[in-house]
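A.B. asks: Heads up: the sequence shown begins at 41 in the working numbering, then just goes up one per residue. Quick one: the structure is below, questions incoming.
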Amino acid sequence: MPFADVNGIKIKYHIMGEGENLIFISGWGMDHRVWMHQASYFRDRYRVIVFDNRGVGESTDDGKRLSTYILAKDVVGLLDYIGVDRANVVGNSLGGMIAQELAINFPKRVDKLILSSTTSRLSIKTRRNFIKNLKNALKNDVEILFDIAPERPMLNRAINHILSMTFSREFLERNGELIRDILKSNLSKEGYVHTLIRQAGAAIRHDTRKRLYRIKSKTLILAGENDVLIPPIEGEQLARGIEGSIYILIKNCPHSIQMEKPDEFNYYVENFLSDALESEDITNYIKPSS
């Protein structure tokens, strides 16, 4: 994977396939490997672009305060570097927040928009529940499925608690090697924990509620029925702020839809991109105002 010089940092990226541009934006603390099922699937029909957000994976960082707007400008810088004027954009979780800022502030760069497991603003209830549960996990024993940082027990507990909120236990048991590899490689990176904290701050401060009307791209919103990190009601509220958006609830699925249910995720994204979604697929169609 080559590097792009963007906004004073280096962004690691990879391009696969040919066709319309399709870029994937990763969520909190995760590198491009979370899109492995999508990259291998869409590369036969699209020009797939995956990358590591600043401070994650092999991308460098400047250590400054982050916002979803700053991270969106990184995406624009990457598109400029590789000579892409316009792309279909897919973002998960924090990546979905970044994608919103991209569509709002740089509308000419976004063709169709897919937002997965994300929100226009983390509700007070969601933030309080996350902080409360994390504090409890730090104080008490939690099941350690991945002994990633045994020399740092509080960090170890925090990581395992967040993993349990992000993925189903079945997924973690089936894909332990992949998750362990992603975590170990990132935790070995100097400043990664600081990046996690700064990314979390960007997510907490993210608020596009009063600016969603500026999103003119055709938009698909996916939410996991069992998502406890960003409950599906927040996805539905996001959809109601974007005229003409399509909202689909993925049954029996937690936060990381693209990894937990890649076939279903790919089906909806592919059919949305090709304007072939059937009415029975759609949980809710947010009609444009007349």
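Cβ coordinates follow ideal geometry from the N, Cα and C atoms, glycine included. Source: prediction; values computed, not measured.
Out of Asp45, Asn128 and Gly48, which one is the CA nearest neighbour of Phe82?
C.D. replies: By one-based count along the sequence shown, residue 82 stands at place 42. Checking every option, the nearest Cα to that of Phe82 belongs to Asn128.
A.B. asks: Please list, in chain order, all residues of the same chain as Ser314 whose beta carbon is under 7 Å from its beta carbon, the five residues on each side excluded.
C.D. replies: Position 274 of the sequence shown holds residue 314. There are no such residues.
A.B. asks: Consider the Cβ of Val96: report whether some Cβ of chain D lies at a distance smaller than 8 Å.
C.D. replies: The structure shown contains no chain D; it holds only a single protein chain.
A.B. asks: My output table needs one value for Glu60: the three-state DSSP class, helix, strand or coil.
C.D. replies: Residue numbering aside, residue 60 sits at position 20 when the sequence shown is read from its first letter. Three-state DSSP puts Glu60 in a strand.
A.B. asks: Between which two residues does the alpha helix (DSSP H) harbouring Ile222 extend?
C.D. replies: Stepping through the sequence shown from its first residue, residue 222 is reached at position 182. First-last of the alpha helix (DSSP H) with Ile222: Gly216 to Leu227.
A.B. asks: Return yes when the Cβ of Ile184 is within less than 8 Å of the Cβ of Asn173, no when it is not.
C.D. replies: Position 133 of the sequence shown, counting from 1, holds the residue named residue 173. Position 144 of the sequence shown, counting from 1, holds the residue named residue 184. Against a cut-off of 8 Å, the Cβ pair of Ile184 and Asn173 comes out as no contact.
A.B. asks: Hey, how far is the Cα of Glu300 from the Cα of Cys293?
C.D. replies: One-based indexing of the sequence shown puts residue 300 at position 260. One-based indexing of the sequence shown puts residue 293 at position 253. Cα-Cα distance, rounded: 7 Å.
A.B. asks: Given this structure, state the Cα-to-Cα distance separating Asp187 from Gln78, to the nearest angstrom.
C.D. replies: Counting from 1 along the sequence shown, the entry for residue 187 is found at position 147. Counting from 1 along the sequence shown, the entry for residue 78 is found at position 38. Taking the straight line joining both Cα atoms gives about 28 Å.
A.B. asks: Where Ile137 and Arg192 are concerned, what is the direct C-alpha to C-alpha distance, given to the nearest angstrom?
C.D. replies: The residue you call residue 137 lines up with position 97 of the sequence shown. The residue you call residue 192 lines up with position 152 of the sequence shown. Per the sequence shown, the amino acid found at residue 137 is Met instead of Ile. Cα-Cα distance, rounded: 30 Å.
A.B. asks: For Ala198, which of Ser225, Phe211 and Ile237 has the nearest alpha-carbon?
C.D. replies: What you label residue 198 is simply residue 158 of the sequence shown in a count that begins at 1. Closest by alpha carbon: Ile237.
A.B. asks: Determine the DSSP secondary structure at Ile326, reduced to helix, strand or coil.
C.D. replies: Against the sequence shown, residue 326 aligns to sequence position 286. Since pLDDT at Ile326 reaches only 47, below the 50 mark, its modelled position is unreliable, and no value is offered.
A.B. asks: Which first and last residues belong to the alpha helix (DSSP H) in which Thr235 is found?
C.D. replies: Translated into positions along the sequence shown, residue 235 becomes position 195. Element bounds for Thr235: Tyr232 to Arg245.
A.B. asks: Between the C-alpha atoms of Arg73 and Lys250, what's the straight-line distance to the nearest angstrom?
C.D. replies: Sequence index remark: in the sequence shown, residue 73 carries index 33 (1-based). Sequence index remark: in the sequence shown, residue 250 carries index 210 (1-based). When rounded, the distance between both Cα atoms is 33 Å.
A.B. asks: Closest by CA to Lys256, which one among Trp68, Ala139 and Tyr121?
C.D. replies: Mapped onto the sequence shown, residue 256 falls at position 216. Checking every option, the nearest Cα to that of Lys256 belongs to Ala139.
A.B. asks: Would you list the residues sitting across from His54 in a DSSP beta bridge?
C.D. replies: Here residue 54 corresponds to residue number 14 of the sequence shown, with the count starting at 1. BP columns for His54 point to Val90.
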